[in-house]
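S.K.: Per the UniProt record's numbering, the sequence shown starts with residue 1, numbered consecutively. Below is the structure I would like to discuss, written out as structure tokens.
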Amino acid sequence: MPQRPRLQVWFVTVCGCILIWTCLVQLLVPGRLWPNAWGWNTARLFLGIAEAGSRSAHLPLAPPRLLPPLRNYTSNGYLKVSCNGGLNQMRAAICDMVTVACLLNLTLVIPELDKQSFWADASNFDDLFDVKHFIDSLKDEVHITKRLPKKLSRKAFSNLHRMRPVSWSDEKYYLQQILPLFNKANVIHFNKTDARLANNLPIDLQKLRCHVNYHALKFTPQLEALGKRLVQILQKRGSFIALHLRYEMDMLAFSGCTHGCSKEEAEELKSLRYAYPWWREKEIDSVAKRLQGSCPLTPEETTLVLKALGFDKDTQIYIASGEIYGGEKRLSTLRAAFPKLVRKEMLLDPEDLRQFQNHSSQMAALDYMVSLASDVFIPTYDGNMAKVVEGHRRYLGFRKTISLDRRKLVELLDLHNNKTLSWDKFASSVRQVLEKSIGQPTCRRVVAARSLLASVLRERATKNGETRQKAALMISFYSYVR
1 MPQRPRLQVW FVTVCGCILI WTCLVQLLVP GRLWPNAWGW NTARLFLGIA
51 EAGSRSAHLP LAPPRLLPPL RNYTSNGYLK VSCNGGLNQM RAAICDMVTV
101 ACLLNLTLVI PELDKQSFWA DASNFDDLFD VKHFIDSLKD EVHITKRLPK
151 KLSRKAFSNL HRMRPVSWSD EKYYLQQILP LFNKANVIHF NKTDARLANN
201 LPIDLQKLRC HVNYHALKFT PQLEALGKRL VQILQKRGSF IALHLRYEMD
251 MLAFSGCTHG CSKEEAEELK SLRYAYPWWR EKEIDSVAKR LQGSCPLTPE
301 ETTLVLKALG FDKDTQIYIA SGEIYGGEKR LSTLRAAFPK LVRKEMLLDP
351 EDLRQFQNHS SQMAALDYMV SLASDVFIPT YDGNMAKVVE GHRRYLGFRK
401 TISLDRRKLV ELLDLHNNKT LSWDKFASSV RQVLEKSIGQ PTCRRVVAAR
451 SLLASVLRER ATKNGETRQK AALMISFYSY VR
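Listed below in structure tokens is the structure:
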């Protein structure tokens with residue numbers, strides 16, 4: 001065959017292969033994104049796409065960056081903070097307090113953790129977080145010390161200003177109201193730290209808050225090792241959901257949500273609410289609150305929602321929660337529908353967990369790590385853990401998170417339970433309600449009450465110049481979800 005016709009045949013063959021390959025890709029991609037349109041199992045929408053994203057997170061990490069240079073500034077004084085609440089409320093507060101210390105050119109003392117709340121957890125900062133990593137990774141932003149100098153600590157008792165900053169305050173409040181206080185006191189002690197900093201701040205402060213959360217706050221090596229082992233055990237069994245089933249005694253007592261509880265249980269929860277003076281709301285209309293979407297879903301309600309989404313008995317579900325109110329009896333419906341329901345206590349030897357027993361924050365840290373690595377994360381209530389984990393998963397590449405619209409779901413659940421809505425209509429309605437609530441990128445809406453840490457892009461927390469510029473250009477795409 002002459003050379004020219006041979007080249008033409010070769011060229012046509014190559015072009016034909018490319019065309020066929022392109023057509024196949026175009027056919028397959030919509031099927032993966034919109035499985036209902038192609039008749040696929042609905043659960044594949046939530047497990048299939050997420051699997052690629054979450055598994056990629058376990059590829060070998062890049063070598064650790066060199067330690068940043070020390071930031072040189074004259075410290076205006078020492079900031080001492082006592083965090084309040086559970087693990088994730090304290091975690092968010094630490095991000096805020098580092099930002100305040102940087103803004104005011106202060107030296108931050110390693111934060112004290114809450115030991116007096118409902119959980120009575122005696123854990124210190126170094127029981128949860130790697131202190132050296134925390135200090136080193138922030139040395140280019142703020143001075144951090146493990147404790148006050150001895151000379152100053154003796155003086156501090158007589159010259160210590162204790163206060164609670166005004167909630168949701170912006171940078172102007174701290175510059176105009178707090179900074180001048182250091183003219184009279186060398187040390188200021190914030191004895192409450194929850195929600196003391198506004199959600200919407202200048203971009204550099206926002207990036208610092210995120211850098212603290214996603215890079216500086218690293219769990220201790222012991223916790224990291226055990227969390228990694230938990231994830232490996234689960235992944236060997238296949239894809240899995242991390243279900244943050246916030247049906248715990250403290251949540252129900254605090255919120256006043258008693259749907260599905262007996263009269264005795266409702267009275268027990270009410271008594272507990274009155275026993276804690278800092279839980280301000282005492283008389284609560286449980287029915288009205290549930291209809292407003294302000295209550296966590298019950299295990300029974302959660303079962304119906306998961307089944308409506310297409311998850312079946314072969315779905316592996318990890319319960320990322322503390323002790324469920326009502327124990328195994330209350331989990332019976334969920335376990336009957338999903339036999340592969342597991343908890344950390346079922347996957348690890350008792351000896352592995354012994355050192356963490358009676359330390360709720362350390363146990364919550366294990367749940368946090370499993371939730372980050374899960375193929376799908378589903379919180380039944382938008383509390384602190386739900387917000388922080390959702391944001392962290394977005395930062396790691398928009399991993400699948402199903403945010404439940406409880407107000408709409410409760411309405412559908414009631415219609416189905418009273419036989420007004422058939423199962424097929426209930427299931428399709430649930431999927432329709434949640435189709436845009438799976439952790440995908442969304443346009444940012446600046447709303448004062450929406451949490452920064454619930455939703456971020458990776459670029460926000462990075463430090464180098466090129467990515468910092470990129471972050472500034474992409475700020476309009478950030479979504480705050482609270």
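A virtual CB, placed ideally from N, CA and C, is assigned to each residue, including glycine.
Find the nearest neighbour of residue 410 within the set 305, 219, 359 and 176, judged by alpha-carbon distance.
M.R.: Closest option to residue 410, Cα to Cα, is 305.
S.K.: Cα separation between residue 360 and residue 238?
M.R.: 28 Å
S.K.: Given this structure, state the Cα-to-Cα distance separating residue 253 from residue 370, to the nearest angstrom.
M.R.: Each residue's Cα considered, the two are about 26 Å apart.
S.K.: Does residue 120 pass the burial test, meaning 16 or more other C-beta atoms within 10 Å, or should it be called exposed?
M.R.: Within 10 angstroms of the beta-carbon of residue 120 lie fewer than 16 other beta-carbons, which makes it exposed.
S.K.: Would you say the segment 189–208 touches the segment 282–296, given that touching needs at least three Cβ pairs under 8 Å?
M.R.: no
S.K.: Would DSSP call residue 316 helix, strand or coil?
M.R.: strand
S.K.: Counting beta carbon pairs with one atom in the segment 315–328 and one in the segment 227–242, are three or more of them shorter than 8 Å?
M.R.: yes
S.K.: Give the range of the alpha helix (DSSP H) segment to which residue 242 is assigned.
M.R.: No alpha helix (DSSP H) contains residue 242, which is instead part of the beta strand (DSSP E) from 240–244.
S.K.: Assuming residue 299 contacts residue 331 under a Cβ cut-off of 8 Å, what Cβ separation, rounded to an integer in Å, is found between them?
M.R.: 6 Å
S.K.: May I ask you to report which of helix, strand or coil DSSP gives residue 282?
M.R.: Coil at residue 282, not helix or strand.
S.K.: Is DSSP giving residue 33 helix, strand or coil here?
M.R.: Any answer about residue 33 is weak, because its pLDDT of 33 lies below 50 and its placement is not dependable; what the coordinates show is given next. Three-state DSSP puts residue 33 in a helix.
S.K.: As a quick exercise: from 105, 89 and 295, pick the residue whose alpha carbon is nearest that of residue 73.
M.R.: 105
S.K.: By Cβ distance, which residues of its chain are closer than 7 Å to residue 325, with the 5 residues on each side in sequence left out?
M.R.: 247, 248, 249 and 252
S.K.: For residue 221, tell me which candidate among 76, 367 and 133 has the shortest Cα-Cα distance.
M.R.: 133
S.K.: May I have a chain-ordered list of the alpha helix (DSSP H) segments no shorter than 4 residues that lie completely inside the segment 397–437?
M.R.: 406–417 and 423–434
S.K.: Would DSSP call residue 59 helix, strand or coil?
M.R.: Note that residue 59 scores 38 on pLDDT, short of 50, meaning its location in the model is unreliable and no value can be drawn from it.
S.K.: Tell me which residues share the same chain as residue 55 and place their Cβ nearer than 6 Å to its Cβ, disregarding the 5 neighbours each side in the sequence.
M.R.: Here the model assigns residue 55 a pLDDT of 48, short of 50, so the residue's position is not dependable, and the following value carries that caveat. Hits under 6 Å: none found.
S.K.: If you count every other CB in all the chains shown that lies within 10 Å of the CB of residue 307, and 16 or more means buried, which is it?
M.R.: buried
S.K.: The alpha helix (DSSP H) with residue 254 in it runs from where to where?
M.R.: 249–255
S.K.: Does the segment 70–88 come into contact with the segment 136–148, if we say contact requires no fewer than three beta-carbon pairs (one atom in each stretch) closer than 8 Å?
M.R.: yes
S.K.: Identify the continuous alpha helix (DSSP H) that holds residue 395 and give its terminal residues.
M.R.: 384–395
S.K.: If residue 148 and residue 187 are in contact, beta carbons under 8 Å, what's the gap, nearest whole angstrom?
M.R.: 7 Å
S.K.: Helix, strand or coil, according to DSSP, for residue 28 in the structure here?
M.R.: Confidence at residue 28 is low in this model, with a pLDDT of 44, below 50, so the placement of that residue is unreliable and no value is reported for it.
S.K.: Based on Cα-Cα distance, which residue from 179, 401, 190 and 128 lies nearest to residue 86?
M.R.: 128
S.K.: Please identify the residue among 302, 113, 343 and 236 whose C-alpha is closest to the C-alpha of residue 405.
M.R.: 302
S.K.: Among the residues of its own chain, which have a CB less than 6 Å from the CB of residue 429, if the five just before and after it don't count?
M.R.: Cβ within range, chain order: 412.
S.K.: Spell out a yes or no on whether the segment 224–238 and the segment 343–361 are touching, meaning 3 or more CB-CB pairs, one atom from each, closer than 8 Å.
M.R.: yes
S.K.: Please classify residue 199: is it buried, with 16 or more other beta-carbons within 10 angstroms of its beta-carbon, or exposed?
M.R.: buried
S.K.: Here's a check: name, in chain order, each residue in its chain whose Cβ is nearer than 7 Å to the Cβ of residue 124, leaving out the five neighbours to either side.
M.R.: Contacts found: 113.
S.K.: Look up residue 112 in the DSSP assignment and say whether it is helix, strand or coil.
M.R.: strand
S.K.: Any idea which residues DSSP pairs residue 376 with across the strands?
M.R.: 241
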